[in-house]
Every structure is written in structure tokens, then in C-alpha cells.
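A.B. asks: I am attaching a structure below and will ask some questions about it afterwards.
In this note's numbering, the protein residues as written are 11 to 670.
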């Protein structure tokens with residue numbers, strides 16, 4: 011079957027026209043595989059909307075799938091398409107077919123999963139960032155182009171993905187960690203930073219910081235979360251919740267359970283404040299200060315949610331942090347989302363009742379953060395997550411990467427991401443998502459990176475043909491071997507340890523002893539001079555003993571040490587190979603993009619892609635001790651020499667032919 015790479019002529023009358031337009035390649039592929047399926051009607055593909063004079067010279071093939079003869083036949087060739095009226099007449103029968111329903115649902119899922127269906131990739135923010143490890147990120151509600159994030163050493167502000175502000179935390183917070191960022195929606199110029207050394211505020215975006223909260227108590231000065239409501243500042247610390255008035259810089263400690271519990275998260279709506287400790291979520295009425303517990307990981311909630319496992323208790327009688335993140339959407343009609351080690355929960359009634367989100371495909375015990383955003387409902391009516399008449403996009407950051415909830419399950423968004431360890435996630439109002447990792451800050455846009463539909467751009471691209479262009483480069487297995495050898499984490503090393511431990515039982519334990527008799531060294535002369543103290547002969551004794559422990563043939567105590575060391579080595583090797591694999595295929599993906607669709611990329615994007623390839627090459631060299639680039643250069647020189655040799659051989663054959 012020839013490839014059909016044409017747009018639909020008139021899809022306005024189709025119930026899922028937009029789906030087929032964006033999924034025409036998948037539709038064509040699936041339709042071709044239904045030769046023997048019994049469809050209740052006919053399906054015809056029409057030609058592009060271009061004028062006849064603009065039609066390509068190559069013939070276009072249309073297909074008709076019929077249930078009467080259960081075969082696929084050629085309808086027409088050339089620029090003419092089947093009649094739209096005939097198509098609409100046959101459509102009534104096609105709609106009832108089970109195979110059509112399968113195709114429709116498949117295309118609908120692909121269309122409505124946002125980032126997944128567009129195959130967008132994470133992009134790294136490189137310019138102006140001095141650190142790799144980013145632990146917190148926050149976006150501005152009033153200005154979608156501004157993003158704030160912090161590393162253990164520096165604080166940054168992005169403006170249109172360009173760093174326009176960097177502040178050293180060594181100077182501002184004495185090198186203390188930033189735990190939370192908050193931009194006041196009522197006063198976008200005010201930025202609050204909660205650190206381990208107090209609460210800081212920046213006004214008017216001038217880079218001038220003022221510490222507005224500090225305590226001599228070690229735990230009280232450790233600020234974990236912050237939010238602002240009008241003239242009040244709510245500050246969560248390791249010592250409890252504080253409520254402050256910045257007009258007179260007066261702070262008051264909350265009463266009740268929040269007076270001595272670490273408050274890790276704070277969100278609010280028009281009526282309530284929602285503080286979250288390590289295992290409980292509370293609701294505080296802003297007017298009368300009434301406090302009530304609305305969720306507990308240790309207990310069954312108001313909706314009788316059965317938890318999978320009880321929380322683990324530490325040795326000091328306290329519980330480990332069970333709540334990983336707390337988010338709120340729409341302060342007027344709030345939706346609460348709660349990430350715990352038991353799963354992700356949501357509430358549509360201000361915490362009175364909770365429901366659990368399906369966690370199929372999500373490593374819930376490794377979730378670090380979540381972010382949620384309301385999006386427009388697609389014309390086809392599909393939605394990744396529909397709650398309270400709203401269409402939502404829900405993402406989760408974990409130690410295994412970023413996951414998106416779509417169609418009742420979770421899917422990993424790994425393309426372009428250099429690290430699995432996600433510290434924080436944040437959404438912008440225009441639909442971009444940012445993630446903080448131990449390898450920098452990455453972002454993904456809801457818009458397509460390319461100027462044309464990727465399905466059209468890559469329609470005539472053959473993967474195997476592109477792959478041949480990189481014959482001089484080592485494959486992923488070779489790069490893995492280079493990295494393992496450079497890091498000295500080969501499994502052969504562990505095998506050598508175990509083999510040596512077994513051979514130890516063969517070799518004996520050798521002991522050598524030497525003894526000198528000091529009592530007989532000096533003695534009285536027994537000859538003619540009995541009063542003379544005479545130095546005698548030095549008496550030495552020596553011995554050699556050899557022993558075997560035959561129990562080592564059965565069990566060697568060194569095996570315990572080897573097992574613990576091998577476990578650490580395996581974990582290190584897995585981390586290295588994971589990083590290498592991501593870097594290698596991200597580099598290969600960009601290389602193929604430049605080869606296949608460079609004509610459709612803007613010049614600045616081409617330069618950015620080329621610099622990105624060089625950066626990824628340098629990272630791979632760092633993991634392999636420079637052998638990755640060296641191996642490429644060696645193979646390039648070898649190919650040139652082979653080509654030169656073949657050229658000389660051809661010239662020699664021609665000269666011999668001429669002489670003859």
C-alpha cells in the first residue's frame with residue numbers, strides 16, 4: 011500500500027473532524043489494517059484542498075472499505091476525490107461499525123491528551139543559570155512570562171525564558187535553603203521567599219530584599235511555606251503556624267494543633283486557609299479562626315477511604331512526612347488536590363469529602379509535587395480530567411520523572427528530560443509547565459515547537475534511512491560500556507570479589523613467630539672468674555604455623571560486605587546508565603530533527619538545536635572520560651581512509667582499463 015499523505019478535503023460534517031485531521035496518519039494506518047474487518051459502510055479519503063494546478067504530480071490513491079466484500083479496493087487515482095455527498099450518505103452506516111468506534115476512541119484519546127498527542131519535548135533553560143540542582147519553582151499569575159526558581163545557592167527570575175535576575179543566597183540568606191516561593195496576586199511586585207533562615211520579601215521587583223521574620227529558635231526560623239491574604243501573612247514553620255501583620259511587623263503564633271507542628275504547605279481560598287502538616291490537613295476559618303481537621307493519612311477520612319498501608323513511624327515516635335504537596339485551583343470555586351504516599355486525592359467541597367484519583371501507572375510512593383490547571387474543553391468533548399464541570403490537566407513530579415493524568419491513567423513525559431529526580435512543578439497561565447530537577451530547569455509548552463503539523467513534516471521520513479547517517483557514531487550499548495568502564499562499576503568487578511572470596515578458603519592462614527630468651531642472655535661466669543657477669547649466646551626461637559578454615563568453603567563472612575557493596579554499585583550503575591540513555595537519545599532525537607525537518611525550522615531554532623547537541627555531547631564525554639567524542643573522530647578518520655582507498659582502487663582500475 012502506498013503512503014497517503016494528504017489532508018481531508020472537507021471534514022466539517024464529521025462528528026470528529028478535528029480528530030481525523032490531526033490523526034490522519036494513525037487513521038490511515040489503522041484503516042489499512044482492517045482489510046478483513048466487517049465495517050458497516052464505506053470510508054473514502056478525499057484529496058487536499060489545494061487547487062488542481064498545485065496538486066502533486068504523483069498519483070493519489072483513495073481507499074474504500076466495504077463490509078459487503080470484506081476487501082479494500084482502489085477507488086480512483088489522480089487529483090479527483092470521491093463525492094462528498096456519497097461519503098455523507100455512507101457515513102450513517104460507518105458510524106455504527108464497531109471498528110469505527112475503536113478508531114474514533116483511539117483518535118479522540120490522542121487528541122485530548124494535550125502534550126502527549128503533540129509529542130512535545132521538554133526544553134532546558136540554559137542561559138544565565140549557574141546551578142544544576144533546582145529545588146523550587148513558582149510562576150506568576152499576573153505575568154505568565156515570569157517564572158521564579160531557586161537552587162541551594164542562587165535565586166533566579168526568568169522573563170520569557172531568559173534569566174534577568176540572579177541573587178546569591180549566600181549574601182541574602184547566609185546560604186540557607188529556599189523552601190517555598192509565593193507571588194502575591196493582589197500585589198504582583200511582592201515576592202515572598204521562605205528559607206531556613208527566615209522569611210524574606212522583595213518589593214517592586216528591584217532585587218532589594220528585606221527579612222520580615224526571624225527567630226532565635228532553630229525550628230521557628232525554618233520557614234517552610236507562606237501565603238498572603240490582604241494584610242495578613244500566613245507563615246508555616248518547623249515550629250508551627252505564624253500569622254503576621256507587615257504594617258507593624260507583628261507576629262502571632264497560631265493556637266491548637268498548629269502551634270507546635272511543622273506546617274509544610276499552605277493554600278487558601280476566599281473563606282478558608284488550608285495548612286498541611288506531615289500527615290494531616292486542616293481548615294482554618296479566616297474570620298473566626300475556627301480550626302478543623304479535614305484529612306489525615308493515619309486515619310480513615312470522612313469518605314471512608316481505605317489506605318493501602320499504614321504510615322511508617324520513626325524511631326523517635328513521630329511519623330515521616332506523608333503529605334507531599336497541596337494545591338488549590340480557583341479560589342472562588344475551590345478544588346483541592348492533595349498528594350500523599352497513599353495516592354492523590356481531591357475535594358470539590360472545601361475539604362468536607364475526598365475522592366481518590368486513579369493511580370495506575372504512577373509511582374505514588376515517589377511523588378514529590380503536583381500541579382493542576384484548568385483548560386478549555388475540546389470540541390469533541392474529551393478531557394484528561396473532568397471535575398465539577400471543569401476540564402483539568404493534572405501533572406505529578408516524582409523521583410521517576412514527570413507524569414500526566416490522561417484517560418484514567420498516568421503516562422510519563424520523558425522526552426527531552428535529562429533527569430528523573432523532579433523537585434517541583436509549576437504551571438503558567440498560558441499553559442506552559444516548568445519542572446525543577448537536579449539537572450536544571452526544564453519547560454514544556456502547549457504550543458507546537460514546529461511551524462507545521464509534525465504528522466505532516468515527518469510523514470515521508472524513514473527512520474532506518476536517518477539512522478544510517480550516524481553509522482560513525484557508537485550505539486547505545488557501546489556508550490554504556492564506555493561509561494561503565496570509566497566509572498569502574500562493571501559487574502565483572504563484583505564477580506571478581508565473589509570469586510576471590512571463594513578462593514580464600516583454599517589459601518591457608520600463615521603465622522610466623524619469633525621469640526628471644528632474655529633470661530639466658532646474661533649470666534655469671536661458671537669458669538675461673540665466677541664473679542664476672544658474662545654476656546652469653548643470644549637464644550632465639552621461631553615458628554611457622556599454617557591453618558585452614560574449612561567452613562569458608564560453605565560460607566565466607568566477606569560475602570556480607572560484598573553484598574552490601576555490590577548493592578551500592580548496582581544502584582550507582584543504574585543511575586549512570588539512566589542518565590546516559592536519556593542524554594544519548596535526546597541528542598539523537600535532535601540530530602534527526604535537524605536532518606529531517608531543518609527546512610521548516612527558524613534560524614534561531616536551528617542554532618539552538620546545534621548548541622544543544624554540543625552540550626549533550628559534552629555531557630556524554632563527561633560520563634565516558636571523553637571517549638565518546640574520541641570514538642566518533644576515530645571512526646570518521648577510518649571512514650575517510652577507507653573512502654580514499656576505494657577511490658584510489660577505482661582510479662587504478664580505470665588506468666589499467668585505459669592501458670588495455
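Glycine included, each C-beta is placed from N, C-alpha and C at the ideal position.
Since residue 382 contacts residue 404 with CB under 8 angstroms, what's their CB separation in whole angstroms?
C.D. replies: If you number the chain shown from 1, residue 382 lands on position 372. If you number the chain shown from 1, residue 404 lands on position 394. Their Cβ separation, rounded to whole angstroms, is 5 angstroms, which keeps residue 382 and residue 404 in contact under 8 angstroms.
A.B. asks: Report the rounded CA-to-CA distance for residue 209 versus residue 198, giving the unit in angstroms.
C.D. replies: Locating residue 209 in the chain shown gives position 199, counting from the first residue. Locating residue 198 in the chain shown gives position 188, counting from the first residue. C-alpha separation (whole angstroms): 17 angstroms.
A.B. asks: Report, in whole angstroms, the separation of the C-beta atoms of residue 138 and residue 172, which I expect to be a contact under 8 angstroms.
C.D. replies: Against the chain shown, residue 138 aligns to sequence position 128. Against the chain shown, residue 172 aligns to sequence position 162. That belief holds up - the Cβ atoms of residue 138 and residue 172 are roughly 7 angstroms apart, short of 8 angstroms.
A.B. asks: For residue 361 and residue 291, which I take to be in contact (beta-carbon distance under 8 angstroms), what is that distance rounded to the nearest angstrom?
C.D. replies: What you label residue 361 is simply residue 351 of the chain shown in a count that begins at 1. What you label residue 291 is simply residue 281 of the chain shown in a count that begins at 1. Confirmed, about 7 angstroms.
A.B. asks: How is the beta strand (DSSP E) around residue 603 delimited, first residue to last?
C.D. replies: Numbered from its first residue, the chain shown carries residue 603 at position 593. Segment 568-607 is the alpha helix (DSSP H) holding residue 603; no beta strand (DSSP E) there.
A.B. asks: Quick check on the DSSP output: what are the complete beta strand (DSSP E) runs of length 3 or more inside the region 173-211, in order along the chain?
C.D. replies: 188-193 and 201-205
A.B. asks: Against chain B, with Cβ distances strictly below 7 angstroms, would residue 567 count as a contact?
C.D. replies: Judged by its chain identifiers, the structure shown contains no chain B, having just a single protein chain.
A.B. asks: Leaving out five residues before and five after residue 313 in sequence, what residues of the same chain have Cβ atoms less than 6 angstroms from its Cβ?
C.D. replies: What you label residue 313 is simply residue 303 of the chain shown in a count that begins at 1. Low confidence applies here, because residue 313 scores a pLDDT of 45, under 50, leaving its location unreliable and the question unanswered by this model.
A.B. asks: In whole angstroms, give me the CA-to-CA distance for residue 643 and residue 444.
C.D. replies: As a working mapping, residue 643 is identified with position 633 in the chain shown. As a working mapping, residue 444 is identified with position 434 in the chain shown. Straight across, the Cα-Cα distance linking residue 643 with residue 444 is about 37 angstroms.
A.B. asks: Give me the Cβ distance between residue 131 and residue 426, rounded to the nearest whole Å; I'm assuming they're in contact under 8 angstroms.
C.D. replies: Locating residue 131 in the chain shown gives position 121, counting from the first residue. Locating residue 426 in the chain shown gives position 416, counting from the first residue. Going by Cβ atoms, the distance from residue 131 to residue 426 rounds to 4 angstroms, so yes, they are a contact pair.
A.B. asks: State the start and end residues of the unbroken beta strand (DSSP E) segment that holds residue 681.
C.D. replies: The requested residue 681 does not occur in the structure, where the chain is confined to residues 11 to 670.
A.B. asks: Can you round the beta-carbon distance between residue 693 and residue 354 to whole angstroms, since I take them to be within the 8 angstroms contact cut?
C.D. replies: Past the boundaries of the shown model lies residue 693; the chain is included only from 11 to 670, so the question cannot be answered.
A.B. asks: Would residue 671 pass as a contact of residue 250 if the rule is Cβ separation under 7 angstroms?
C.D. replies: A question about residue 671 goes unanswered here, because the residues of the chain that appear run from 11 up to 670.
A.B. asks: By the three-class DSSP mapping on this structure, what secondary structure does residue 489 have?
C.D. replies: Position 479 of the chain shown, counted from the first residue, corresponds to residue 489. Of the three classes helix, strand and coil, the one that applies to residue 489 here is helix, per DSSP.
A.B. asks: What does DSSP give as the partner residues of residue 384 in its beta bridges?
C.D. replies: Along the chain shown, one-based indexing puts residue 384 at 374. Looking at the DSSP assignment, residue 384 forms a beta bridge with 402.
A.B. asks: Look up residue 255 in the DSSP assignment and say whether it is helix, strand or coil.
C.D. replies: Within the chain shown, the letter at position 245 stands for residue 255. The answer is strand: DSSP assigns residue 255 an E or B state.
A.B. asks: Within 10 angstroms of its Cβ, does residue 196 collect 16 or more other Cβ (buried), or is it exposed?
C.D. replies: Within the chain shown, residue 196 is the residue found at index 186, counting from 1. Looking at its Cβ environment, which holds fewer than 16 other Cβ atoms inside 10 Å, residue 196 is exposed.
A.B. asks: So, are the CB atoms of residue 430 and residue 411 less than 7 angstroms apart?
C.D. replies: Taking the first residue of the chain shown as position 1, residue 430 is located at position 420. Taking the first residue of the chain shown as position 1, residue 411 is located at position 401. Yes, Cβ-Cβ distance for residue 430 and residue 411 is below 7 angstroms.
A.B. asks: Assuming residue 634 is part of the alpha helix (DSSP H), what are its boundary residues?
C.D. replies: Working through the chain shown from its first residue, we reach residue 634 at position 624. Element bounds for residue 634: 613-634.
A.B. asks: Any contact between the region 473-486 and the region 598-610? By contact I mean 3 or more CB pairs, one from each, below 8 angstroms.
C.D. replies: yes
A.B. asks: Is it buried or exposed for residue 16, if we count other Cβ within 10 angstroms and need 16 for buried?
C.D. replies: Position 6 of the chain shown, counted from the first residue, corresponds to residue 16. Any reading at residue 16 is ruled out, since the residue's pLDDT is 34, under 50, leaving its predicted position unreliable.
A.B. asks: In this structure, how does DSSP classify residue 638 when only helix, strand and coil are distinguished?
C.D. replies: Reading the chain shown from its first residue, position 628 is the one you call residue 638. Here residue 638 sits in helix by DSSP.
A.B. asks: If you draw a straight line from the C-alpha of residue 398 to the C-alpha of residue 335, how long is it?
C.D. replies: By one-based count along the chain shown, residue 398 stands at place 388. By one-based count along the chain shown, residue 335 stands at place 325. Rounded to whole angstroms, residue 398 to residue 335 spans 21 angstroms at the Cα level.
A.B. asks: Taking 7 angstroms as the cut-off, decide whether the C-beta atoms of residue 439 and residue 649 are in contact.
C.D. replies: What you label residue 439 is simply residue 429 of the chain shown in a count that begins at 1. What you label residue 649 is simply residue 639 of the chain shown in a count that begins at 1. Going by C-beta atoms, residue 439 is not nearer than 7 angstroms to residue 649.
A.B. asks: Go ahead and label residue 581 buried or exposed: buried means 16 or more other beta carbons lie within 10 angstroms of its beta carbon, across all protein chains shown.
C.D. replies: Residue numbering aside, residue 581 sits at position 571 when the chain shown is read from its first letter. Exposed: under 16 other Cβ atoms inside 10 Å.
A.B. asks: In whole angstroms, give me the CA-to-CA distance for residue 154 and residue 598.
C.D. replies: Here residue 154 refers to the residue found at position 144 when the chain shown is read from its first residue. Here residue 598 refers to the residue found at position 588 when the chain shown is read from its first residue. Between residue 154 and residue 598, the C-alpha separation is close to 32 angstroms.
A.B. asks: Just mark residue 194 as buried or exposed, buried being the case when its beta carbon has 16 or more other beta carbons within 10 Å.
C.D. replies: Locating residue 194 in the chain shown gives position 184, where the first residue counts as 1. Answer is buried; the Cβ neighbour count reaches 16.
A.B. asks: Are the beta-carbon atoms of residue 499 and residue 575 separated by less than 7 angstroms?
C.D. replies: Indexing the chain shown from 1 puts residue 499 at position 489. Indexing the chain shown from 1 puts residue 575 at position 565. No, Cβ-Cβ distance for residue 499 and residue 575 is not below 7 angstroms.
A.B. asks: Determine the direct distance from the alpha carbon of residue 448 to that of residue 53, and round the result to whole angstroms.
C.D. replies: The residue labelled residue 53 in the question sits at position 43 within the chain shown. The residue labelled residue 448 in the question sits at position 438 within the chain shown. Reliability fails at residue 53, whose pLDDT of 31 lies under 50, so the model's placement of it is uncertain and no value is given.
A.B. asks: Specify the secondary structure class of residue 408 as computed by DSSP and reduced to three states.
C.D. replies: Within the chain shown, numbered from 1, the residue matching residue 408 stands at position 398. Strand.
A.B. asks: CB-CB under 7 angstroms to residue 511, same chain, minus the five flanking residues each way: which ones, in chain order?
C.D. replies: The residue you call residue 511 lines up with position 501 of the chain shown. The answer, listed in chain order, is 566, 568, 569 and 572.
A.B. asks: Suppose the cutoff is 8 angstroms on Cβ atoms and the five residues either side in sequence are ignored; what does the same chain contact list for residue 124 look like?
C.D. replies: For the purposes of this step, residue 124 is taken as residue 114 along the chain shown, with counting starting at 1. Residue placement at residue 124 is flagged as unreliable, the pLDDT there being 46, under the threshold of 50; the coordinate-derived value follows with that caveat. So the list reads 385, 394, 403, 414, 416 and 456, once near-sequence residues are dropped.
A.B. asks: Rounded to whole angstroms, what's the CA-CA distance from residue 143 to residue 255? Just pull it up for me.
C.D. replies: Position 133 of the chain shown, counted from the first residue, corresponds to residue 143. Position 245 of the chain shown, counted from the first residue, corresponds to residue 255. Straight-line Cα distance between these residues: approximately 34 angstroms.
A.B. asks: Who pairs with residue 242 in a beta bridge, going by DSSP?
C.D. replies: As a first step, residue 242 is located in the chain shown; it is residue number 232 there, counting from the start. DSSP lists 239 and 255 as partners of residue 242.
A.B. asks: Name the residue from 521, 135, 192 and 168 whose alpha carbon lies nearest to the alpha carbon of residue 337.
C.D. replies: Position 327 of the chain shown, counting from 1, holds the residue named residue 337. Closest by alpha carbon: 192.
A.B. asks: Within the continuous beta strand (DSSP E) that includes residue 167, where are the two ends?
C.D. replies: If you number the chain shown from 1, residue 167 lands on position 157. Here the beta strand (DSSP E) through residue 167 covers 164-169.
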